[in-house]
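Below is one structure; the comments refer to it alone.
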Amino acid sequence: MSDTTEAAVRRIREDSPTVDAVCRQLGREGDDGPLQVAFAEIFLSKATHDFLRGRSTDALARLVEGAYGFLETSRPERVDVQVFNPDVDNEGWYAPVTVIRTNITERPFVVDTIREYLHAQDLPIEHNVYPVLHVDRDEDGGILRIKPSSEGGPRESLVHCEITR
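The numbering of the sequence shown is my numbering, which starts it at 2 and goes up by one.
Set out below in structure tokens:
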């Protein structure tokens, strides 16, 4: 499990000028700005320094925006998967990797299952970002609120995995 406390999420913006810049940029964009900022804080709190290093604020904002869009169209009762090679024209960012994203209701061994499958296929993982999110949705599945995971709430496991092309 990959719990994140609210204190850790608040601290990430204080400790990382990059994360703060990404959140400020997302907050200025569109009607989903506040939800995207809440998602970005949690998502990026699970990213390693290597993941953040070498990526521009705009590239990170577009990456987070895409991950949020995937979460938005996902439904926790399904297993949703997205696979793509990021490019500026389609995703707004580029990296020489293939991205695999999944979203399901939180359960044991989500990351282990993905990691073992990719390992069996000789596909090395460069980066893995795995936030467990408390997502409140309306009756149509639209996102109403996102916050760090907590016991007893509706928890979703979003995995953003990057493998070498």
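Heads up, the beta-carbon is just placed ideally off N, CA and C, and yes, glycines get one too.
Going by DSSP, Thr165 is part of the beta strand (DSSP E) stretching over 156–165. Leu124: not part of any alpha helix (DSSP H); DSSP gives it neither H nor E.
In this structure, Ala39 is the residue among Ala39, Thr19, Pro18 with its C-alpha nearest to the C-alpha of Gly28.
Apart from the 5 residues on each side of it in sequence, Ser17 sits with its Cβ closer than 8 Å to the Cβ of Leu45, Leu53 in its chain, given in chain order. By the neighbour-count definition (other C-beta atoms within 10 Å, threshold 16), Tyr118 is an exposed residue. Ser151 and Glu107 do not touch by the CB rule: their CB atoms are close to 11 Å apart, not below 8 Å.
Taking C-alpha positions only, Leu134 is separated from Val89 by approximately 28 Å. A residue is called buried when at least 16 other Cβ atoms come within 10 angstroms of its Cβ; Val130 meets this threshold and is buried.
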